[in-house]
Amino acid sequence: MATGLSRRVVLAALSPAFTGLVPSGGARAATPALSLSGAFVQGGYAVGRTTPHALIDVDAQVLTTASANGWFVVGFDRDAPSASTLTATTLDGAVTREATIATGDFDVQRIDGLPPEQVTPTDPALLERIAAENLRKQAGFASQADVEGFRQGFRLPVVGARRSARFGGQRVLNGEPKRPHFGVDLATPVGTPVSAPADGLIAFAETGLHYEGGLVLVDHGQGLITAYLHLSKILVSAGTYVRQGQLIAETGQEGRATGPHLCWRMKWRGRNLDPSLLVGAGPFQS
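Taken in order, the sequence shown gives residues -29 to -1, 1 to 257; the numbers are from mature numbering (1 follows the signal peptide of the UniProt record, and there is no 0).
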């Protein structure tokens, strides 16, 4: 679960930022409106609209801020509880919505024949390398771009792929239970074009990572990050903006992979989401 601050603490610290929302003469605006739509299931999401720049908290933790147009996105983790409370807060008041979160349908995925160092590394030099890679990836996942690509409705990043693994399945690697698989695996030949499913900012782009091989992270706004693993070729660089449908990479079988495929993942503020749930869901409009 991502961490955050209470509404009271954040409002006290940020109240000067809301002075522009109070009408002249000291009159206060009405309590903010709040509309929500999305997939209310473990691994799902909600796209909402409220007062511009309102604080958005999830289960009493302030986790994001509505855009200048009032749009925001939140995510429900793979292991989210059965209910979630979303609140939009301005200096003029707060409005709350209660959401029921359905239980996800997850399977068990067994993968054998992996090199032992890909399952449980022991070499000190390799462990040091992995730790350094993790720090760089964490910086990429911490991106919170001021864009609204999440409103577009996503496209699949590859065409004609076979879904070889669903999101959220319990992974058993070489007979050893591991963390759930937080991606959607799309089996494709090496070199298959990968395109951005929605507009966004490239938050990370590196090749040669121990687990992921080639990895690209795209921030579609407010920290909604999609990840593309096992790439054989990367066509973008960190800090650049991409449009929906723009080529960003080519598939491969680099890193911890037993065959050519794209592992497609999504995270929001440390929560693991199912990216396929956003495919065809939008565009979200007023």
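The beta carbon of each residue, even a glycine, is placed where N, CA and C say it ideally should be. Predicted model only: the values in this text are computed from it and were never measured.
In angstroms with no decimal places, state the Cα-to-Cα distance between glycine 154 and alanine 25. Sequence index remark: in the sequence shown, residue 154 carries index 183 (1-based). Sequence index remark: in the sequence shown, residue 25 carries index 54 (1-based). Whole-angstrom Cα-Cα distance: 31 Å.
Tell me, please, whether the segment 71 to 79 touches the segment 158 to 165 by the rule of three or more beta-carbon pairs shorter than 8 Å. no
Does the pairing of the segment 48 to 66 with the segment 78 to 88 give three or more beta-carbon distances under 8 Å? no
Residue range of the alpha helix (DSSP H) that includes asparagine 105: On the sequence shown, residue 105 is found 134 positions in, with the first residue counted as 1. Where asparagine 105 is concerned, the enclosing alpha helix (DSSP H) stretches over 95 to 112.
State yes or no: is the C-beta of proline 128 within less than 8 Å of the C-beta of tryptophan 239? The residue labelled residue 128 in the question sits at position 157 within the sequence shown. The residue labelled residue 239 in the question sits at position 268 within the sequence shown. Cβ distance not < 8 Å, so proline 128 and tryptophan 239 don't count as in contact.
Taking only the alpha-carbon atoms, compute the straight-line gap between proline 246 and methionine 237 and give it to the nearest angstrom. As a first step, residue 246 must be located in the sequence shown, where it is residue number 275. As a first step, residue 237 must be located in the sequence shown, where it is residue number 266. In a straight line, the C-alpha of proline 246 is about 5 Å away from that of methionine 237.
Take the Cβ of glutamate 69 as the centre, count every other Cβ of all protein chains shown within 10 Å, and call the residue buried at 16 or more, exposed below. Here residue 69 refers to the residue found at position 98 when the sequence shown is read from its first residue. Exposed, by the Cβ-count rule.
For a quick check, are the C-beta atoms of valine 44 and leucine 195 less than 8 Å apart? To locate residue 44, count along the sequence shown from 1; it is residue 73. To locate residue 195, count along the sequence shown from 1; it is residue 224. Against a cut-off of 8 Å, the Cβ pair of leucine 195 and valine 44 comes out as a contact.
Counting beta carbon pairs with one atom in the segment 168 to 187 and one in the segment 217 to 234, are three or more of them shorter than 8 Å? Enough Cβ pairs lie closer than 8 Å, so yes.
In chain order, what are the residue ranges of uninterrupted alpha helix (DSSP H) at least 4 long that sit wholly in the segment 51 to 90? 87 to 90
Check whether the Cβ atoms of histidine 191 and glycine 171 sit closer than 8 Å, and answer yes or no. On the sequence shown, position 220 is the one that residue 191 refers to. On the sequence shown, position 200 is the one that residue 171 refers to. Going by C-beta atoms, histidine 191 is nearer than 8 Å to glycine 171.
Going by CA-CA distance only, name the one from Asn145, Leu244, Val250, Arg126 that's closest to glycine 15. In the sequence shown, counting from the first residue as 1, residue 15 sits at position 44. Residue Leu244 is the option with its Cα nearest to glycine 15.
Between histidine 152 and tryptophan 42, what straight-line distance do the alpha-carbon atoms span, to the nearest angstrom? Locating residue 152 in the sequence shown gives position 181, counting from the first residue. Locating residue 42 in the sequence shown gives position 71, counting from the first residue. Histidine 152 and tryptophan 42: Cα-Cα distance of roughly 30 Å.
Going by DSSP in three states, leucine 206 sits in which element: helix, strand or coil? Translated into positions along the sequence shown, residue 206 becomes position 235. The answer is coil: DSSP assigns leucine 206 none of H, G, I, E or B.
At 3 residues or longer, and completely inside the segment 169 to 234: list those beta strand (DSSP E) runs for me, N to C. 171 to 180, 184 to 190, 195 to 202, 218 to 221
Which residue marks the beginning of the beta strand (DSSP E) containing alanine 10, and which one marks its end? If you number the sequence shown from 1, residue 10 lands on position 39. Alanine 10 -> beta strand (DSSP E) spans 5 to 10.
Using 8 Å as the threshold, is the C-beta distance between arginine 81 and valine 143 below it? For the purposes of this step, residue 81 is identified with residue 110 of the sequence shown, where counting begins at 1. For the purposes of this step, residue 143 is identified with residue 172 of the sequence shown, where counting begins at 1. Yes; because the gap between Cβ atoms is below 8 Å, this pair is in contact.
Per-residue DSSP class, three states only, for leucine 127: Stepping through the sequence shown from its first residue, residue 127 is reached at position 156. Correct three-state label for leucine 127: coil.
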